[in-house]
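*Asks:* Residue 57 is where the sequence shown starts when you use the numbering used here, and the numbers rise one by one after that.
We put the beta carbon where it would ideally sit given N, CA and C, even for glycine.
If you're wondering where the values come from, they're calculated on a predicted model, not measured in any experiment.
Below: one structure in structure tokens.
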Amino acid sequence: MTLPGLFDLSFQTRSDKPALEWDGRTYTFGEVDERAARMATLLLSKGLAKGDRVAVFLANSIAYIDLFLACTRLGVIFVPVNVLYRDREIRHIVSDAEPKALITSADLSPHAPDNAAVWLVEELLQKAAACEPKPVSDVIDGDAPAAIVYTSGTTGTSKGAVLTHNNFIANAVNVVTCWAFSSDDRLLLTLPLFHVHGLGNGLHAWLVSGCLMRLTERFAHEQAARWMEEFQPTVFFGVPTMYVRMLDWPRETAARIGARMRLFVSGSAPLPAQVLEDFRVLYDHTILERYGMSETLMNISNPYTGERRAGSVGFPFPGVSVRILDPDGNDVAEGDVGEIYMKGPNLFAGYWRRPEATAEAHRDGWFRTGDIATRSADGYYTLQGRRSDLIISGGFNIYPREIEEFLAEQPGVVEVAVASAPDPRRGEVPIAFVVGDCDTAALEAACRAHLASFKIPRAFVRIDKLPRTALGKVQKHLLKQ
Ligand code: MCA
């Protein structure tokens, strides 16, 4: 099967049912289908064909959905680009994925790099409205790539994880069945569609279950309480930062929202046990925490029925095999710490045009997650940390190496190390330690101009030299102190 075939289950049988609330209007599944069909006709007429890539640098909107669905129908590989990225970050994705076009909006287009052929979404929408909604489905192979999702690499530049139609299908079917979605659900989706959390879980669970989804441009914490009161969602997907924000809402508001909700799910960053507990008191719900990665989509999840254990991510999803190995590749004993490896229909097809990186990320056919974990006697997995120095801020991944390489290029900087500092709301934030005769205000301004806002170090600390081991490795734990 392919994604268009899977989504047709809703488009064909629920065409008159309300599907989507966007920007004050409600669209039926039939209307969503028709919009996608018109967009597919337009993209085809613009010369896009199976296997071509299209990069999409847009905030959440109905146009995002039109474009994603049109691409899946044409076999065009969808390359989502984080809306907070700037020239340098987008330039890399464009040169690596070689998309036929970078689709963006007039307000974001100043950030488009000059190596991209820019198509403005406003023009596409206008032209698509005048196109015939001819049904097309050009993919018959479920192993065909559906998307390339860029994940920040430990080498500083990001790699494209190739996700197939079958990967997304395995994920969507698991999300819908394991979390008991039905067509009566009401999903409030505030997550960005450029990450697999919003795309693979939010968008796909909506289309597969046939529920009603309200999409917003982003999670604006000042407005989110009102949206929940108005829309009365039964399901909400969030990152821990959103749940931390929700702890500030008035007790009565929280009680009303909680009373109508069926399920709160958290992922993309560790959910502190205290937040889980405080949330339970206010909303009378135990948030369901799960684990996922761009390369694996959702892989381990707390159960829908049964104990949702604080600090744990639960059990492997159906079809997902999980092992915890020591550095020599031996399975560790129960309760012992090791690195998580996985196998299953959810696993990506490899890094785009990077066979060595793909090989390095696997061991005997098992994907190496880079995350450290334990498994309890009753089968619950608990993440204990990471092999790399990845920082997760507000659910966005930051690889210190990328910021370090950028800062090292700036005038006066001799050496630099970026480490994480705890943050009550975002979980973690980056801090830069700089050696050299440089102006920290200028460094911050340079970051602001060239990097996504969540990557800008919250502080620039000038030091005389970086603490290093005898082998020359920077000791980031000493910097953190
Ligand atoms: C944040 N900002 C945004 C967005 N999110 N701008 C546009 N669109 C967004 N979606 C910017 C704001 O403009 C602001 O920039 C800064 O981020 C902080 O905004 P604020 O309102 O103070 O936000 P917050 O309360 O701290 O909440 C941030 C957030 C955001 C809404 C939680 O971090 C977010 O949407 N996170 C979701 C990330 C995500 O989906 N991750 C999944 C990837 P400035 O500072 O310049 O004013 S991981 C994944 O997919 C894996 C597989 C998984 O397991 O899920």
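1) Please report how far the alpha carbon of residue 233 lies from the alpha carbon of residue 359, in whole angstroms.
2) So for residue 403, helix, strand or coil by DSSP?
3) CA-CA distance, residue 168 and residue 158?
4) At a threshold of 6 Å, does residue 139 count as lining the ligand MCA (C-beta to nearest heavy atom)?
5) Rounded to the nearest angstrom, what separates residue 470 and residue 496 at their Cα positions?
6) Using the C-alpha atoms, what's the distance from residue 529 back to residue 122?
7) Per DSSP, what kind of secondary structure is residue 24 in: helix, strand or coil?
8) Check this for me: beta carbons of residue 538 and residue 88, under 7 Å apart or not?
9) Nearer than 6 Å: is that true of the beta carbon of residue 370 relative to any heavy atom of the ligand MCA?
10) Let's see if you can read the secondary structure: which residues bound the beta strand (DSSP E) around residue 113?
11) Which value, in whole angstroms, describes the spacing of the CA atoms of residue 270 and residue 172?
12) Using the DSSP secondary-structure output, state which residues sit across from residue 379 in a beta bridge.
13) Measuring alpha carbon to alpha carbon, tell me which of 130, 261 and 94 ends up nearest residue 240.
14) When you measure from the CB of residue 57 to every non-hydrogen atom of the ligand MCA, does any distance come out below 6 Å?
15) Going by the C-beta, is residue 247 closer than 6 Å to any heavy atom of the ligand MCA?
16) In whole angstroms, what is the alpha-carbon distance linking residue 155 and residue 111?
17) Tell me whether residue 88 sits in a helix, a strand or coil according to DSSP, three-state version.
18) Compute the minimum distance between the beta carbon of residue 301 and the heavy atoms of the ligand MCA, and state whether it is under 6 Å.
19) In the segment 110–145, which residue ranges form an unbroken alpha helix (DSSP H) of at least 4 residues, counting only runs that do not cross its ends?
20) So what does residue 430 bridge to, in DSSP terms?
21) Quick check: does the Cβ of residue 277 come within less than 6 Å of any heavy atom belonging to the ligand MCA?
22) What residue range does the alpha helix (DSSP H) around residue 456 cover?
23) Should residue 506 be listed as close to the ligand MCA, given that the test is whether its C-beta is under 6 Å from any heavy atom?
24) Quick check on residue 411: buried or exposed, where buried means 16 or more other Cβ atoms within 10 Å of its Cβ?
25) Report whether the distance from the Cβ of residue 117 to the nearest heavy atom of the ligand MCA is below 6 Å.
26) Any idea if residue 310 is buried or exposed, counting beta-carbon neighbours within 10 angstroms, 16 or more meaning buried?
27) Among residues of its own chain, excluding the 5 on either side of residue 413, which ones have a beta-carbon nearer than 6 Å to its beta-carbon?
28) Are residue 189 and residue 94 closer than 7 Å when you measure CB to CB?
*Replies:* By the coordinates alone:
1) As a working note, residue 233 is residue 177 in the sequence shown. As a working note, residue 359 is residue 303 in the sequence shown. Approximately 11 Å between the Cα atoms of the pair.
2) Working through the sequence shown from its first residue, we reach residue 403 at position 347. Three-state DSSP puts residue 403 in coil, outside helix and strand.
3) By one-based count along the sequence shown, residue 168 stands at place 112. By one-based count along the sequence shown, residue 158 stands at place 102. Approximately 8 Å, taken between the alpha carbons.
4) On the sequence shown, residue 139 is found 83 positions in, with the first residue counted as 1. Yes, the beta carbon of residue 139 sits closer than 6 Å to at least one heavy atom of the ligand MCA.
5) Stepping through the sequence shown from its first residue, residue 470 is reached at position 414. Stepping through the sequence shown from its first residue, residue 496 is reached at position 440. So the alpha carbons of these two residues sit roughly 13 Å apart.
6) The residue given as residue 122 occupies position 66 in the sequence shown. The residue given as residue 529 occupies position 473 in the sequence shown. The straight-line gap from Cα to Cα measures roughly 48 Å.
7) No answer is possible for residue 24: it lies beyond the span of the chain, which begins at 57 and ends at 537.
8) Because the chain in this structure spans residues 57 to 537, residue 538 falls outside the shown range and cannot be described.
9) Translated into the one-based positions of the sequence shown, residue 370 becomes position 314. It does not: the Cβ of residue 370 is nowhere closer than 6 Å to a heavy atom of the ligand MCA.
10) Mapped onto the sequence shown, residue 113 falls at position 57. In the DSSP annotation of this structure, the continuous segment of the beta strand (DSSP E) that includes residue 113 starts and ends at 109–113.
11) Position 214 of the sequence shown, counting from 1, holds the residue named residue 270. Position 116 of the sequence shown, counting from 1, holds the residue named residue 172. Looking at the two C-alpha atoms, the distance is approximately 32 Å.
12) Residue mapping note: residue 379 aligns to position 323 of the sequence shown, counting from 1. DSSP, once it has assigned bridges, lists 397 as partnering residue 379.
13) What you label residue 240 is simply residue 184 of the sequence shown in a count that begins at 1. The shortest Cα separation from residue 240 among 130, 261 and 94 belongs to 261.
14) Position 1 of the sequence shown, counted from the first residue, corresponds to residue 57. Not so, every heavy atom of the ligand MCA lies at least 6 Å from the Cβ.
15) Here residue 247 is taken as the residue at index 191 of the sequence shown, counted from 1. Yes; taking the cut-off as 6 Å, the Cβ of residue 247 has a heavy atom of the ligand MCA nearer than that.
16) What you label residue 155 is simply residue 99 of the sequence shown in a count that begins at 1. What you label residue 111 is simply residue 55 of the sequence shown in a count that begins at 1. Whole-angstrom Cα-Cα distance: 6 Å.
17) Taking the first residue of the sequence shown as 1, we reach residue 88 at position 32. Helix.
18) Within the sequence shown, the letter at position 245 stands for residue 301. Under cutoff, so the answer is yes.
19) 118–130
20) For the purposes of this step, residue 430 is identified with residue 374 of the sequence shown, where counting begins at 1. 438, per the DSSP bridge assignment.
21) Stepping through the sequence shown from its first residue, residue 277 is reached at position 221. Answer for residue 277: yes, Cβ within range of the ligand MCA.
22) As a first step, residue 456 is located in the sequence shown; it is residue number 400 there, counting from the start. Its alpha helix (DSSP H) spans residues 456–464.
23) By 1-based counting over the sequence shown, the position of residue 506 is 450. It does not: the Cβ of residue 506 is nowhere closer than 6 Å to a heavy atom of the ligand MCA.
24) Taking the first residue of the sequence shown as position 1, residue 411 is located at position 355. So residue 411 ends up on the exposed side.
25) Mapped onto the sequence shown, residue 117 falls at position 61. Answer for residue 117: no, Cβ out of range of the ligand MCA.
26) Position 254 of the sequence shown, counting from 1, holds the residue named residue 310. Buried, by the Cβ-count rule.
27) The count along the sequence shown starts at 1 and reaches residue 413 at position 357. Excluding residues within five positions, the ones whose Cβ falls inside 6 Å are 215 and 407.
28) The residue given as residue 189 occupies position 133 in the sequence shown. The residue given as residue 94 occupies position 38 in the sequence shown. Their beta carbons are under 7 Å apart, which means residue 189 touches residue 94 by this criterion.
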